[in-house]
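Chains as they are written, first to last, in this note's numbering: chain A, 118 to 402; chain B, 118 to 402; chain C, 118 to 402; chain D, 118 to 402; chain E, 118 to 402; chain F, 118 to 402. Glycine is no exception: its CB is placed at the ideal position from the N, C-alpha and C atoms. Please read all numbers here as calculations on a predicted model, not as lab measurements.
Number of protein chains: 6
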Amino acid sequence: MNKALNIHTFIGCEARFDEANLVLFGAPFDGTTSFRPGTRFAMQAIRQDSYGLESYSPYLDMDLEEVAIFDGGDLELPLGNTVRAIEQIHEYCEEVLANDKKFLMVGGEHLVSLPSIKAAYEKYPNLHVIHIDAHTDLREDYLGESLSHASVIRRCHDFLGDGRIYQFGIRSGLKEEFEWAKEHTYMERFSIDTLKEKVSDLKDVPVYITIDLDVLDPGIFPGTGTPEPGGITYRELLHAIEEFQGLDHIVSADIVELSPSYDVSGASTAIACKTVREMLLTLLK
Amino acid sequence: MNKALNIHTFIGCEARFDEANLVLFGAPFDGTTSFRPGTRFAMQAIRQDSYGLESYSPYLDMDLEEVAIFDGGDLELPLGNTVRAIEQIHEYCEEVLANDKKFLMVGGEHLVSLPSIKAAYEKYPNLHVIHIDAHTDLREDYLGESLSHASVIRRCHDFLGDGRIYQFGIRSGLKEEFEWAKEHTYMERFSIDTLKEKVSDLKDVPVYITIDLDVLDPGIFPGTGTPEPGGITYRELLHAIEEFQGLDHIVSADIVELSPSYDVSGASTAIACKTVREMLLTLLK
Amino acid sequence: MNKALNIHTFIGCEARFDEANLVLFGAPFDGTTSFRPGTRFAMQAIRQDSYGLESYSPYLDMDLEEVAIFDGGDLELPLGNTVRAIEQIHEYCEEVLANDKKFLMVGGEHLVSLPSIKAAYEKYPNLHVIHIDAHTDLREDYLGESLSHASVIRRCHDFLGDGRIYQFGIRSGLKEEFEWAKEHTYMERFSIDTLKEKVSDLKDVPVYITIDLDVLDPGIFPGTGTPEPGGITYRELLHAIEEFQGLDHIVSADIVELSPSYDVSGASTAIACKTVREMLLTLLK
Amino acid sequence: MNKALNIHTFIGCEARFDEANLVLFGAPFDGTTSFRPGTRFAMQAIRQDSYGLESYSPYLDMDLEEVAIFDGGDLELPLGNTVRAIEQIHEYCEEVLANDKKFLMVGGEHLVSLPSIKAAYEKYPNLHVIHIDAHTDLREDYLGESLSHASVIRRCHDFLGDGRIYQFGIRSGLKEEFEWAKEHTYMERFSIDTLKEKVSDLKDVPVYITIDLDVLDPGIFPGTGTPEPGGITYRELLHAIEEFQGLDHIVSADIVELSPSYDVSGASTAIACKTVREMLLTLLK
Amino acid sequence: MNKALNIHTFIGCEARFDEANLVLFGAPFDGTTSFRPGTRFAMQAIRQDSYGLESYSPYLDMDLEEVAIFDGGDLELPLGNTVRAIEQIHEYCEEVLANDKKFLMVGGEHLVSLPSIKAAYEKYPNLHVIHIDAHTDLREDYLGESLSHASVIRRCHDFLGDGRIYQFGIRSGLKEEFEWAKEHTYMERFSIDTLKEKVSDLKDVPVYITIDLDVLDPGIFPGTGTPEPGGITYRELLHAIEEFQGLDHIVSADIVELSPSYDVSGASTAIACKTVREMLLTLLK
Amino acid sequence: MNKALNIHTFIGCEARFDEANLVLFGAPFDGTTSFRPGTRFAMQAIRQDSYGLESYSPYLDMDLEEVAIFDGGDLELPLGNTVRAIEQIHEYCEEVLANDKKFLMVGGEHLVSLPSIKAAYEKYPNLHVIHIDAHTDLREDYLGESLSHASVIRRCHDFLGDGRIYQFGIRSGLKEEFEWAKEHTYMERFSIDTLKEKVSDLKDVPVYITIDLDVLDPGIFPGTGTPEPGGITYRELLHAIEEFQGLDHIVSADIVELSPSYDVSGASTAIACKTVREMLLTLLK
C-alpha cells in the first residue's frame, strides 16, 4: 500500500529538486488576456493528460525515464495583481537558475515570459530569444497598460535591445508593430522556414526559447485564447524543435497560451503535452 | 433597404437614451475571478439569444414592446486594472441616475456591483440591498486583495453599515463569513423562502437588487464560474422576482456571473435572458 | 451468424407491422423552426440511445418485451417544402389508423402534429387534444406563414373548434395568444397541476396527446430549439403520464422538439427515450 | 521556493497517512460499463475541481482544514482484468480498516463497491448497507458475467444475506429484480423519502454507505454513464447526507459513477466534489 | 457617456452607407440544408468574434480602419419560404449595386448565392464566377426541388451559360454532376492549384467570387453542415485570396456555410472572420 | 407506406448477404483501452452520419450504388471478457471468408484486428499485413496483459513471423518496440511516404490492411482515445488508399479507433465515414 500523499507530476518527471537538472513548473496567470481567458488551467490539464503520452521520444531517441526532471507544480499567483504575479515568477526562475538548473515554464498567457526571460538575461547578459508565435507582441502598450500579453516581447526588447530577438510564424499585429520589427528584431512572417538558418547563427550564444502555441493553426490547435487562422502544422513545429539541437546553449524555455477548456476534444492539450516532452528532452540534450 | 448601421439590442430595448426610463448595459469585467473566468462575454450572449424569447411576460402581464428601454451596449473596461474598471462603472451609473433613470446592469463578475451600489447609495443614502447569491461574498480580502468578487458585499457594507443588507440563498463561504453575517446582515442560508417576508419589511425604502445567477443550482445553470451545487430552481427565482412587485421603490438592479461558454447548450444564457426581461419589466412596474 | 440486414429499432419494438397494435415512427421535419434548428435528428438519436434504457417500466409495471410494437423508421420528408411534408405525415397516420392501430410519432418540430392530429380527428370527429408545452402555439401566423410551429395548435383549432383543446405548462407566447386562449381553449399557465382533474373530465372521449418536450425546464432538458426557462421537472412529466391511465380512449400521441445536438451530454436524449417508452406503454395499457 | 514534488490532493486533505483518521482514494475502474464508459477519470477530475469549493461546510458546520484526512491518490488497476482489479481494491480497503481508519472510495463504476463492502463486512460481520442509486443492481448476471456493475448489490447479498440492504431512489431494472427485491432487500422506489426513518432503525449497527450519483436526475447530473431520467434533486441528496448524522457507526463509504467527460460544463464534477466533502465530514462527525 | 443605441458591426466596418464603397451583410437562410442546419447564425457569430482579430492584414498590408465599409446587419428573411427569401436577397444586392457599391454577403447556406450572382449578372452581363467549394452544387434538382444548396451553381449556369463558371477544390457530388461539369464548367477536383492560372485568364472580365468554406478540410473547419474530409488547408485558401489581386474587376463576393454551433471551440468562426477581413480588403484593393 | 422494420445501413450498403461480395460490420469492443474508452460507439455513429456523404467516389470513380455490399450490423460482444470477444470476432470473419466474401470490419479498439487477421491468415497462409497507425502496437504485454490494443501487432507477428508486417506512420511507442521492429517488421516512422514502393513489392501476395485512424493528426481527427500529435493529413491517407489499387489481392481490411464522443463537431466521424466508403470500393475494385 502506497502511504505517500498523492504526487501528481508530468509523466516521467519524478526526480527530487536536488537531483534534477531541469525544473518544470506552471505559471497559471491569465490576467491580461484580452479575448478568451482560461490559460490558468493549462499546466493542470497537461499534467493529467501526459499519461496518454509515452515517455520515450522517437524523434530525439531519448526517454523521460532516463533523465532527472523535477516537477515543481504550479506557482500560486495572485489574481488581478499583474505586478506581483510577475515578481513571483521572476523570483522562482532566478532561484532555479541560481541552483544551476534550467527550467521549462508552462503558461499561462504570454506575459509570464517577461519575468522568466528577464531572469535568464540577468544570468546571461548576452541572451538571445527565439520567439515562435502567431502574434507580434510588440505593442508599446495595450489599452493603456504596458504590461500585457500583447506587449511582452516589446518589454523584453526594453532590456535586451536590438538584434537579440528572432521571431517566427508571425501573422497578426498592428501595422506599426510590423514596421517597428523591421528595425529592431528579426521577423519571419507567416511561416518558420528560416528557423534552421537562424539556429545556425545562434549556435554559440545563450538562447531562451519562448513558444506561444497559437503559432499553430487553430484548426489543429483550437484550445487557445486568440485563435489566428493560417498557422503552421504540428509537424512543422516538431521539426523546429528538432532544429534546436543545433543550439549549444539553450538556457531555458517556456510554452504558453494553451487554454484547455476551449478544446473539449483534448487534442490541443495532447499537442501541448507532446511539446512539453520534446522541449524537456531538448533542454537536456 | 435599411441603410442604418447594424443596431444590436436586447429584444424590445430600442428606445433612445432620452426617451427611456431605464438603461440596460453590460459591464464585461472578470478580472478577479478565482476559478473559471469568462463572464466578460455574458451581455453579448444575452443580447444575441434574447431573440429566442418573447417580449411579453405572462408572469407580469407586461411587454417590452410597450415600455421605453435604452440598451447602451457594453462598457469598454480596461483589462487587468480593477480600480479603473470600477471607476468607469461608477461614472456610468452615476450619470444614468443623475438623468433620473434607473439601470439594469449585466456583469461580468460580482465585483461590478460595488460601484453600481455605491452610485445608488450616493443618490439614496437610505439604500437597502437585496442580495441573492450562492456565496457570502463577505471576505475582508481574498488572496490579499480587498477588491474581489469574494468580498463585494463586505465592501458595500463598508459604506452601507449594519441592517441594510439582506442575503438569500447563501450556501458557500468561509466559516468566519457566516459568523460575521450573524451580526451585520440578514442572511437566509440554502434557500430564499423568507424573501417575501423581508420584501414586505422593505416596502417603503429605496432598494437595490443584486442577483448572482449562481444562486441557481448548477445542474440547471452550469454556465457560471464557480458552480455551487444545492441551489434553488429557476421557478423559485421567478417567484422571487414576482415578489419584488411588493417593493415600492426599486432604485436599480444588476444580474451577474453568467459565463456563457461553460454551457454550450445555451440553457444558461436562456435563463439569463429571461431574468433580464423580468427584471427590466419589474423595474418599470 | 446473423445474415439479416442491420435492423435498428427503438429497444423492444421489433414486431412486424402486421402483428403490432402500435406504430412508432419519426417525422424528421424542422423547416419552420425559428430559432435553433436540428429536431430532424431526434428519432435517430432516440433509437440509438434507447439501448441505455431498460425495456421494463417500474412506473407502469409493463415491459416493451411483452407487447407488440412496430418501429417504422423515419419518414423521408422533403426539405424546404412544408406543404408536402405535412401531406406525407398525414397519409402515413391515416393508413396506420385505417389498419386499426395507434401511432406514437416522434418529431421534428411541433408543426408535424398538425397532420397527425388532423388524421386522428378525421377518424374520431369528437377528438379532444391534450397539449403539454412551454409555448402557446396559437398564432394566427408567424412571419406571414400560417403553417408554423408557432401556430400549430391554432391550426388544429381551425377544425377542432372550441372546447376541445387542453393546454398545460404554457409559459411563453404573445399577449394576444394568451387573450385568445381565454375564450377558445383550456389553458393552465406555468404548471401542469390541473391535469389530473381534466383527465377525469376526458375519461370517455377520444383523446390525442401531444407533448412538446420544451415544457421541461431547459436546465434539465437543454436539447431543444427554443429553450424557455421556468419549466416543469421530469418527475412532474412522469406523473402526468401516469395520470393518462385514467383516460379510456387515447387515440394516438406524439412527442416533439428534441434537438439532440444542443445537449452533448445526452441527458436530453435520455429523457426523450424514457418518455417514448412510457408513452408507448401508456398507449397499449 | 517550494522544493517538494507536486502534491495534488482533494482540497483540505493534506494529512499524512499516519496522522489521518480517514483515507480518501480513487478506484478508477470502468471495465464492465455497458453503455458509456469513462468513470475511470472521476477522481482526477474531482481532485482538480475541488479547488472551486470551500473547505467549510455550512450544512455540517465543519471544515476540512480542521480534520485529518489522507488522500492516497488513485489505485493503479489493471485494464480488462476484472478479477484482479477487485482483488486490489479489496486489499487496499482491508489495510485501511486494519489500521483502524475509515475510507471514502471514489469510483469508477459501481462494481468497485463489491470488494470495499466485502472488506467492511469482514471486519464488521453485522454490516448493513445503505444503497442510493437509480438502478437496482440486483441481476444474477449481466450478459453472462456475474461480476458486473449491474449485479454488484446482488453479489453483496451473497454474503450479507437478507435484511441487510436498504435501497433508495431506485427507478430502473428488470422486472425480476424488482420482484426479487421484495423478499430480500428494503427498497424505496423513485424517491428517498423513507431514508430518515430507516436511518433511525440503523442507528446502532455498523453501516456502509454506497452512493451511485446517477440517483440524481440526469438533467442536473448528466456526467454519468447510464443517465436515468426522473431522479432526485441535489438538495434531496444533501438532506439525505445530513440525515446520516443519525447513524452512530458509519464504517466507510463510497461515491461512484461520475463520468466527467460527458458533462463539459463541469457541473456534474462540482456536484461530485461537494458530495465528497460532505461525506468526508460525515464520516468524521 | 455613450448615448447611442448599441451599434454592433464587424471590426472596422463602421462607415455610414453613403460614405462606404463596400457593403457587408448577412443572409441568414438555411432552409434547404439537407444534413445539419445552423448557418443562419453565421454572421452574428462572425460579427461578435471579429473582435479577436486585428483590423490590419499583414498579407495585403491594408487596414480596415483605413477604408470605408458599411455593415448593414442581417437581412430578415422568412423561414421556410425559399422563393421569398431569394427575392429579398436579390433586391438588396440590386440596390447596393445600383448605388455603385460592391457587397460581401455572408451566408447562410449556399443557395443564397443564387440571387446575389443573379443581381451581379444583371448589372454585368459578361459576368464570370469563381466558385471555391467541396461540392459540385450542379444538381438539376435535389429531392425534387430545383432551388437547393445542392443545385445553386447549376441554377447560375441557367443564365450564365457555358464557359463562365470556374470551380476549384471540388471533391464531392453525384457521378452525373462530374460528367456534366466536363462540358459546361471549368472544374479542378480535390485542390485549387490551377487557380493562379485561371485568375490570369480572368484578369479583365467582371468576376464574382463565391467561397463555400466547406472547401476547407473539416479537420480544421468542422463548423459546417456537410463536412467533407480531404479538403484544402487554410493557408491554401489564404494564398488563393492573395491571387485574387490579379483580377482587375471583382464585382462582389460571398462567403457561405459557416455553421458556428458545430464547432464550440470557435476555431471555425475565427477562420470565417479572417476570410471576411481578407475578402473585404481584396474587394477594395 | 413502408411496412418493413427499420433497416439502418451504411449508405449504399443494402444488399442481402447472399448477393454481396463484401460484408461490412462493426466490432464494438473497447475493453483494453488504456486512456479514453468509447470506440464501441464508432460503427453506430458512422452508419448514421454516412448520410452526409455521397455514395459516389470521385477519387476511384466508383459508386456504392453500383456494387453489392451487405451491412451486417454490429456484433454483440461481451463486456469485460476479452477472450470471448476475440473468439466471436474470429468466428464471424471465418464464416465470411468461408463464403468467399471479403469483409471490412470497423472497430472498436485495435485489439479487434487480432482475430480478423488471424482468420485471414488461416485462409491465406502467405498473408502480409499493411499496418497504418500512430503507435507501434508491438508490446510483449501491457500492464501484464498479453491481449491488449498496445500489443495487437506483436500478437499477429506470433503467427505471421518476420517479413510479413509493414508499418507506416508510426510515431509513438516504447524504445524497445522501435528496437524490436528493426529486426522483425518493416517500419516507416512519422510518415507514410514509402507506402507506394512497398505496395509495389506486395502486388501479388495476399494482403490485409489495418488502418488505425489515430495515424491522422489529432488536430484534424480528435475523436480517438489516444491522440498522438504530429500525424498525417487526411489527404495523405486518401492518397495511400488510392495506392492500394496497385495491390492485386487485398483479402480484407479494418478501420479502428474512432471514438465519436470525443469530437462533438462530427468531423472525426465524417473522416471515418469517407474512409469506410473508399475502403469498401477499394476492396471491390
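Q. How about the region 272-280 of chain C and the region 372-390 of chain C: do they share at least three Cβ pairs that are nearer than 8 Å?
A. The region 272-280 of chain C makes no contact with the region 372-390 of chain C: fewer than 3 CB pairs, one atom from each, lie closer than 8 Å.
Q) Does the Cβ of V140(A) have 16 or more other Cβ atoms within 10 Å, making it buried, or fewer, making it exposed? A) On the first sequence, residue 140(A) is found 23 positions in, with the first residue counted as 1. Counting Cβ neighbours within 10 Å, V140(A) comes out buried, since at least 16 surround it.
Q | Host alpha helix (DSSP H) of K235(F) (start-end) | A | Locating residue 235(F) in the sixth sequence gives position 118, counting from the first residue. Boundaries of the alpha helix (DSSP H) harbouring K235(F): S230 to K240, taken from the DSSP string.
Q) Measuring CB to CB, does A144(E) end up less than 8 Å from L192(E)? A) Here residue 144(E) refers to the residue found at position 27 when the fifth sequence is read from its first residue. Here residue 192(E) refers to the residue found at position 75 when the fifth sequence is read from its first residue. Against a cut-off of 8 Å, the Cβ pair of L192(E) and A144(E) comes out as a contact.
Q. Cβ of E171(B) less than 8 Å from any chain C Cβ?
A. Working through the second sequence from its first residue, we reach residue 171(B) at position 54. Between E171(B) and chain C, the shortest Cβ-Cβ separation is below 8 Å.
Q: Return the residue from the list A162(D), S167(D) and G129(D) that minimises the CA-CA distance to S378(D).
A: For this step, residue 378(D) is matched to residue 261 along the fourth sequence. Distance from the Cα of S378(D) is smallest, within the candidate group A162(D), S167(D) and G129(D), for A162(D).
Q.
For C130(C) and R281(D), I'd like the C-alpha separation in whole angstroms.
A. Position 13 of the third sequence, counted from the start, is the residue given in the question as residue 130(C). Position 164 of the fourth sequence, counted from the start, is the residue given in the question as residue 281(D). Those two C-alpha atoms are separated by around 38 Å.
Q: Answer with buried or exposed for R133(B), where buried requires no fewer than 16 other C-beta atoms within 10 angstroms of its C-beta.
A: Residue mapping note: residue 133(B) aligns to position 16 of the second sequence, counting from 1. A residue is called buried once 16 or more other Cβ atoms fall within 10 Å of its Cβ, and R133(B), having fewer, is exposed.
Q | Anticipated Cβ contact below 8 Å, D173(C) with D180(C), distance rounded | A | If you number the third sequence from 1, residue 173(C) lands on position 56. If you number the third sequence from 1, residue 180(C) lands on position 63. The residue you asked about is not Asp; residue 173(C) is Tyr in the sequence shown. The C-beta separation of Y173(C) from D180(C) comes to about 4 Å, placing the pair in contact by the 8 Å criterion.
Q | Min CB distance K235(C) to chain F below 8 Å | A | In the third sequence, counting from the first residue as 1, residue 235(C) sits at position 118. So, not an interface residue.
Q: Could you name the residues of the region 151-182 of chain F whose beta carbon sits closer than 7 Å to any beta carbon of chain D, in the order they occur along the chain?
A: Residues of the region 151-182 of chain F with a C-beta less than 7 Å from any C-beta of chain D: S151, P154 and G155, listed in chain order.
Q: Residues of the region 180-204 of chain E with a CB closer than 7 Å to any CB of chain C: list them in chain order, please.
A: Listed by position, the residues of the region 180-204 of chain E near chain C (Cβ gap below 7 Å) are P195, L196, G197, N198 and T199.
Q. Which of helix, strand or coil does DSSP assign to H356(A)?
A. Locating residue 356(A) in the first sequence gives position 239, counting from the first residue. Judged by DSSP in its simplified three-state form, H356(A) adopts helix.
Q: Give the interface partners of I124(D) over in chain A, defined as CB-CB distance under 8 Å, in chain order.
A: Taking the fourth sequence and counting its residues from 1, one reaches residue 124(D) at position 7. The CB of I124(D) comes closer than 8 Å to the CB of L122, N123, I124, H125 and G190 in chain A, given here in chain order.
Q.
I'd like to know whether the C-beta of E262(D) is nearer than 8 Å to at least one C-beta of chain F.
A. Numbered from 1 along the fourth sequence, position 145 holds the residue referred to as residue 262(D). With respect to chain F, the C-beta atom of E262(D) has a partner C-beta closer than 8 Å.
Q: Could you tell me whether the Cβ atoms of F285(D) and E305(D) are closer together than 8 Å?
A: For the purposes of this step, residue 285(D) is taken as the residue at position 168 of the fourth sequence. For the purposes of this step, residue 305(D) is taken as the residue at position 188 of the fourth sequence. Going by C-beta atoms, F285(D) is nearer than 8 Å to E305(D).
Q) Would you call the CB atoms of L398(F) and E171(A) closer than 8 Å? A) Within the sixth sequence, residue 398(F) is the residue found at index 281, counting from 1. Within the first sequence, residue 171(A) is the residue found at index 54, counting from 1. Their beta carbons are not under 8 Å apart, which means L398(F) does not touch E171(A) by this criterion.
Q) Using a Cβ-Cβ distance under 8 Å, would V381(C) count as near chain D? A) For the purposes of this step, residue 381(C) is taken as residue 264 along the third sequence, with counting starting at 1. With respect to chain D, the C-beta atom of V381(C) has a partner C-beta closer than 8 Å.
Q. Do L364(A) and L319(A) have their C-beta atoms closer together than 8 Å?
A. As a first step, residue 364(A) must be located in the first sequence, where it is residue number 247. As a first step, residue 319(A) must be located in the first sequence, where it is residue number 202. The answer is yes: Cβ separation under 8 Å.
Q: Taking all protein chains shown into account, decide if D135(B) is buried (16 or more other Cβ within 10 angstroms of its Cβ) or exposed.
A: Translated into positions along the second sequence, residue 135(B) becomes position 18. Classification of D135(B): exposed, given that the 10 Å Cβ count is below 16.
Q: Put V316(E) into one of helix, strand or coil per three-state DSSP.
A: Within the fifth sequence, residue 316(E) is the residue found at index 199, counting from 1. In this structure, DSSP gives V316(E) a helical state, which the three-state scheme calls helix.
Q) Taking Cβ to Cβ, would you say L214(F) is nearer than 8 Å to K240(F)? A) The residue given as residue 214(F) occupies position 97 in the sixth sequence. The residue given as residue 240(F) occupies position 123 in the sixth sequence. Yes; because the gap between Cβ atoms is below 8 Å, this pair is in contact.
Q. What whole-angstrom Cβ distance do V373(D) and G225(D) have, given they're in contact under 8 Å?
A. Numbered from 1 along the fourth sequence, position 256 holds the residue referred to as residue 373(D). Numbered from 1 along the fourth sequence, position 108 holds the residue referred to as residue 225(D). With a beta-carbon spacing of about 6 Å, V373(D) and G225(D) fall inside the 8 Å limit used to define contacts.
Q: Would you identify the three-state DSSP class for V176(A), choosing helix, strand or coil?
A: What you label residue 176(A) is simply residue 59 of the first sequence in a count that begins at 1. Looking at the sequence provided, one finds Tyr at residue 176(A) rather than Val. In the structure shown, Y176(A) sits in coil (DSSP, three-state: anything other than H, G, I, E or B).
Q. Under 7 Å Cβ-Cβ, which residues of chain C neighbour L355(B)?
A. For this step, residue 355(B) is matched to residue 238 along the second sequence. Neighbours of L355(B) on chain C, chain order: G347.
Q.
Which residue wins for smallest C-alpha separation from E294(C), given the options V269(C), I309(C), D310(C) and L312(C)?
A. Along the third sequence, one-based indexing puts residue 294(C) at 177. Per the Cα distances, V269(C).
(Q) In this structure, how does DSSP classify A387(B) when only helix, strand and coil are distinguished? (A) Taking the first residue of the second sequence as position 1, residue 387(B) is located at position 270. A387(B): helix per DSSP, three-state reduction.
Q | Ranges of the beta strand (DSSP E) found wholly within the region 181-238 of chain A, counting only runs of at least 3 | A | If one requires a minimum length of 3 residues, the beta strand (DSSP E) runs lying completely within the region 181-238 of chain A are 186-191 and 219-224, in chain order.
Q: Could you name the residues of the region 369-401 of chain C whose beta carbon sits closer than 7 Å to any beta carbon of chain D, in the order they occur along the chain?
A: Within the region 369-401 of chain C, the qualifying residues are V381, S382, G383, A384, A387, I388 and K391.
Q | Interface partners of R281(D) on chain C, CB under 7 Å | A | Here residue 281(D) is taken as the residue at index 164 of the fourth sequence, counted from 1. Here the premise fails: no neighbours, minimum Cβ distance about 23 Å.
(Q) Output needed for D403(A): all residues of its chain with C-beta closer than 8 Å, excluding positions within five of it in sequence on either side, in chain order. (A) In the structure as shown, chain A begins at 118 and stops at 402. Residue 403(A) is therefore absent and cannot be evaluated.
Q | Length of the line joining the Cα atoms of F152(C) and T350(C) | A | Walking along the third sequence from the start, residue 152(C) turns up at place 35. Walking along the third sequence from the start, residue 350(C) turns up at place 233. Our two residues, F152(C) and T350(C), have alpha carbons roughly 23 Å apart in a direct line.
Q. Where H227(D) and G197(D) are concerned, what is the direct C-alpha to C-alpha distance, given to the nearest angstrom?
A. Residue mapping note: residue 227(D) aligns to position 110 of the fourth sequence, counting from 1. Residue mapping note: residue 197(D) aligns to position 80 of the fourth sequence, counting from 1. About 16 Å.
Q. Considering only residues of the same chain and omitting the five flanking positions on each side of D147(D), which have a CB-CB separation below 7 Å?
A. Working through the fourth sequence from its first residue, we reach residue 147(D) at position 30. Contacts found: P154, G155, T156, R157, G225 and E226.
Q | Closer than 8 Å to chain A by CB, T149(B) | A | As a position in the second sequence, residue 149(B) is number 32, starting the count at 1. The Cβ of T149(B) sits closer than 8 Å to at least one Cβ of chain A.
Q.
Does any residue of chain E have a CB that is nearer than 8 Å to the CB of E212(B)?
A. Taking the first residue of the second sequence as position 1, residue 212(B) is located at position 95. The Cβ of E212(B) sits closer than 8 Å to at least one Cβ of chain E.
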